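Read the structure below first, then the notes.
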Amino acid sequence: MSGILYHNPRCSKSRQTLELLKERGVNPSVSEYLKTPMDHPTLKNILALLNIPAHALIRSSEAIYKELELSSTDTEEQLIDAMIAHPKLIQRPIYVNKGKAALGRPPENILAII
């Protein structure tokens, strides 16, 4: 097993990323984050590894984003709390390996950390 893939099997980019990893001989642990949401420390760690603010990881096109009246001016903690409560808001897929992380948009982004 090599790394962890935060995966949504209904997302084409997520499926492509998993396939790309397997083609490279990488067998990651797969976390279906919609079924098993991340906890606060995990999400904060992923943001730190990606070196991005919370608003850069949030899917602002989701209906729940508008329903919650979220915006990029909300605090990091507010956005993190929203993503934990509503994991559909999290961009995917995210691959974490050996203290590094990459967002699989496009899937080839993960190649830098395998």
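For the sequence shown, position 2 matches number 1 in numbering that gives the first Met the number 0, and the numbering has no gaps at all.
By construction, the Cβ of each residue, glycine as well, lies at the ideal position given by its N, Cα and C atoms.
Predicted model only: the values in this text are computed from it and were never measured.
Taking the beta carbon of G2 as the centre, do at least 16 other beta carbons fall within 10 Å, making it buried, or is it exposed? buried
Name the DSSP beta bridge partners of L102, please? I93
Quick check on the burial criterion: 16 or more other C-beta atoms within 10 angstroms. Buried or exposed for I63? exposed
Considering only residues of the same chain and omitting the five flanking positions on each side of P106, which have a CB-CB separation below 7 Å? K12, Q15, T16 and L19
What residues match up with K25 in a beta bridge as DSSP calls it? First, the residue type needs correcting, since residue 25 is Val and not Lys in the sequence shown. Paired residue(s): none; V25 is not in a bridge.
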